[in-house]
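Asks: Counting the sequence shown from 1 gives a position; the numbering used here is that position plus 1.
For each residue, glycine too, the CB sits at the ideal point set by N, CA and C.
Right, I'll just put the structure down here and ask away after.
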Amino acid sequence: IAVLFFDFDRFKAVNDSLGHDAGDELLISISQRLVANVRDVDTAARFGGDEFVILLEDLPDTDTAKLVADKLLKACAKSHDVRGHKLVSTASIGLVTNETSDGGPAELLRFADAAMYEAKRRGRNCVVEFDSEMFNEQLDKLALEEDLQSAAANGELSVVYQSILDLNNGNIVAAEALLRWHHPTRGPIPPDMFIPIAEESSQIVAVGGWAFEAACRQLTDWRRRGVVSEDFAISVNISKTQVLMPGFVEYVTSQVDRYKLTRSSIKLEVTETTVVDNRADVGDVLQKLRDQGIRVMMDDFGTGHSSLSGLHLLPIDELKIDRSFIRSASGNTDLIAITSSIVTLADHLSLKTIGEGIESPDHIALLQSMGCNYGQGFLFSRPLPPEEFEAMVLERQGPAKKTAELN
Ligand code: C2E
Ligand code: CA
Ligand code: CA
């Protein structure tokens with residue numbers, strides 16, 4: 002047997018531009034096309050959204066499965082007639098046979114899904130067969146997923162802090178809290194690797210909550226000991242799953258209050274793709290947090306293709322310009338013009354701007370000339386463990402006034 006996992010491209014664009022009824026018609030046309038290209042013994046199913054799964058049975062060999070997958074790919078690439086439009090929605094197909102996986106239906110689906118992701122990564126409109134390399138990757142991910150469950154209890158997690166400077170006067174005015182995982186046998190695991198695993202397995206609620214509380218505790222401690230001043234803020238990264246967790250607003254405000262912090266001193270960083278998510282509830286939650294005095298920052302701005310014309314409608318207070326802009330801006334006049342317009346527009350909308358990934362004095366000069374408010378990057382400091390961050394702040398700025406009410 003073989004399992005084929007399909008994901009169709011540009012489906013969201015059809016929904017957004019022609020409406021959901023047209024999207025439904027496209028789905029029906031796709032299903033008809035799939036059914037027309039398999040035998041009666043095979044099973045075709047819609048798995049959810051624009052994902053379809055086909056189970057091929059009684060196959061003579063693996064090559065036949067590949068031939069069928071290629072045939073389906075070609076059939077899917079032909080346009081669909083929907084409401085007078087010729088719509089093209091090519092497929093990314095993941096293929097797995099029971100020769101590679103004998104772990105039962107759930108495992109077959111999981112592997113086919115993984116192969117489909119690889120097909121998307123390779124540029125879509127192709128078939129990718131699940132192989133031993135992907136198998137090892139999956140095993141590795143599963144092992145990390147399991148280890149992550151006990152990481153907090155075993156003291157393997159920590160938070161490092163990277164300074165954020167006011168570009169007008171060079172003062173350190175805030176820090177971004179960044180999570181670190183030191184695995185007992187594998188050493189440091191980069192967040193770009195374990196955060197997605199935590200997100201897929203919903204552990205991000207626990208792990209992200211751990212980071213959030215560690216940051217609150219740290220800020221209280223620094224303020225009580227006069228390391229930072231009253232208006233110093235820490236920003237914490239928050240994943241979409243956390244934002245959509247029931248009671249998230251109450252969770253955030255109760256933690257901030259519990260540590261006797263002012264609401265404005267803990268900021269939430271949510272990525273552009275989370276903020277512009279079509280689901281209205283993300284926006285609602287962020288707005289409620291703002292109503293409670295928590296500041297919301299849009300992270301990695303410029304990577305999620307949100308429209309500038311809709312910027313004034315988003316429930317945000319600050320805009321973090323992605324480091325890809327800063328990195329390639331020097332010397333590239335088009336990018337300079339775009340970045341500069343973003344800063345100007347943000348300023349008109351009373352949004353503060355932060356430039357990420359400042360690695361050279363050129364970058365500072367550029368951002369300053371545009372009127373960008375804050376900057377962050379390796380040039381100022383790497384993300385540092387709390388003791389080192391503290392030493393750096395004290396050395397540069399001297400002790401702050403201790404906060405009386407926290408004593
Ligand atoms: P991010 O939110 O965009 O965080 C900034 C990343 O840029 C950090 O990587 C930081 O070390 C890096 N960076 C800072 N300055 C520079 C620079 O000048 N040049 C370059 N090349 N890089 C710079 P890091 O710490 O590896 O974190 C990676 C990502 O992991 C973060 O990207 C964030 O999306 C995620 N992450 C980290 N901690 C958490 C957390 O507690 N919760 C959630 N949900 N995500 C987290
Ligand atoms: Ca961030
Ligand atoms: Ca970022």
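To the nearest angstrom, how far is the alpha carbon of GLU273 from that of LEU336?
Replies: Counted from its first residue, the sequence shown places residue 273 at position 272. Counted from its first residue, the sequence shown places residue 336 at position 335. One C-alpha to the other measures close to 19 Å.
Asks: Distance, Cα to Cα, TRP223 vs TYR162?
Replies: As a working mapping, residue 223 is identified with position 222 in the sequence shown. As a working mapping, residue 162 is identified with position 161 in the sequence shown. The alpha-carbon atoms of TRP223 and TYR162 are separated by roughly 12 Å.
Asks: Considering only the beta carbon of each residue, do ALA152 and ILE165 sit closer than 7 Å?
Replies: In the sequence shown, the residue the question calls residue 152 occupies position 151. In the sequence shown, the residue the question calls residue 165 occupies position 164. No.
Asks: Taking C-alpha atoms, which residue in LEU73, ALA78 and VAL160 lies nearest to GLU388?
Replies: Translated into positions along the sequence shown, residue 388 becomes position 387. Minimum Cα distance to GLU388 is reached at VAL160.
Asks: Excluding sequence positions up to five away, which residues of its chain have a Cβ less than 6 Å from the Cβ of GLN369?
Replies: As a first step, residue 369 is located in the sequence shown; it is residue number 368 there, counting from the start. Excluding positions up to five away in sequence, the list reads LEU168.
Asks: DSSP has GLN163 in a bridge; who is on the other side?
Replies: By 1-based counting over the sequence shown, the position of residue 163 is 162. Answer by DSSP bridge pairing, in chain order: GLU177.
Asks: Can you give me the Cβ contacts of SER30 inside the same chain, cut-off strictly under 6 Å, excluding the 5 residues immediately before and after it?
Replies: Translated into the one-based positions of the sequence shown, residue 30 becomes position 29. Closer than 6 Å at the Cβ level, and outside the excluded window around SER30, lie HIS81.
Asks: Take ILE359 as the anchor and find which of ILE339, LYS353 and SER329 has the nearest alpha-carbon.
Replies: Taking the first residue of the sequence shown as 1, we reach residue 359 at position 358. Ranking the options by Cα distance to ILE359, first place goes to SER329.
Asks: Going by the C-beta, is GLU357 closer than 6 Å to any heavy atom of ligand 3?
Replies: Residue numbering aside, residue 357 sits at position 356 when the sequence shown is read from its first letter. GLU357 Cβ: within cutoff of ligand 3.
Asks: In this structure, how does DSSP classify ILE359 when only helix, strand and coil are distinguished?
Replies: If you number the sequence shown from 1, residue 359 lands on position 358. DSSP places ILE359 in coil when its eight states are reduced to three.
Asks: In or out: PRO384 buried (at least 16 other Cβ within 10 Å) or exposed?
Replies: Here the question's residue 384 lines up with position 383 in the sequence shown. Here PRO384 is buried: its Cβ has 16 or more other Cβ atoms, across all protein chains shown, within 10 Å.
Asks: Between the alpha carbons of ASN408 and VAL228, how many angstroms are there, rounded?
Replies: Against the sequence shown, residue 408 aligns to sequence position 407. Against the sequence shown, residue 228 aligns to sequence position 227. Model confidence at ASN408 stands at a pLDDT of 43, short of 50, so the residue's coordinates are unreliable; what they give is reported in the following sentence. Cα-Cα distance, rounded: 14 Å.
Asks: Can we count GLU146 as close to ligand 1, meaning its CB is less than 6 Å from some heavy atom?
Replies: Residue mapping note: residue 146 aligns to position 145 of the sequence shown, counting from 1. False, no ligand heavy atom lies under 6 Å from that Cβ.
Asks: Could you work out which residue in ASP114, ASN126 and ARG125 is closest to ASP132 when comparing CA atoms only?
Replies: Within the sequence shown, the letter at position 131 stands for residue 132. That would be ASP114, whose Cα lies nearest to the Cα of ASP132.
Asks: Could you tell me how far apart the beta carbons of ILE267 and ALA234 are, in whole angstroms, since I believe they sit closer than 8 Å?
Replies: To locate residue 267, count along the sequence shown from 1; it is residue 266. To locate residue 234, count along the sequence shown from 1; it is residue 233. Going by Cβ atoms, the distance from ILE267 to ALA234 rounds to 7 Å, so yes, they are a contact pair.
Asks: Less than 6 Å between C-beta atoms, sequence neighbours within five positions excluded: which residues of the same chain meet that for VAL89?
Replies: The count along the sequence shown starts at 1 and reaches residue 89 at position 88. Excluding positions up to five away in sequence, the list reads SER80.
Asks: Hey, how far is the Cα of LEU352 from the Cα of VAL344?
Replies: Stepping through the sequence shown from its first residue, residue 352 is reached at position 351. Stepping through the sequence shown from its first residue, residue 344 is reached at position 343. VAL344 has its alpha-carbon roughly 9 Å from the corresponding atom of LEU352.
Asks: Could you name the residues of the same chain whose beta carbon sits closer than 7 Å to that of ARG296, not counting the 5 residues immediately before and after it, in chain order?
Replies: Taking the first residue of the sequence shown as position 1, residue 296 is located at position 295. Around ARG296: SER265, LYS268, ASP318 and GLU319.
Asks: Are the CB atoms of LEU220 and VAL276 within a distance shorter than 7 Å?
Replies: Walking along the sequence shown from the start, residue 276 turns up at place 275. Walking along the sequence shown from the start, residue 220 turns up at place 219. Not a contact, by the Cβ cut-off of 7 Å.
Asks: Give me the Cα-Cα distance between GLU391 and LEU179, rounded to the nearest whole angstrom.
Replies: Taking the first residue of the sequence shown as 1, we reach residue 391 at position 390. Taking the first residue of the sequence shown as 1, we reach residue 179 at position 178. Taking the straight line from one Cα to the other gives about 15 Å.
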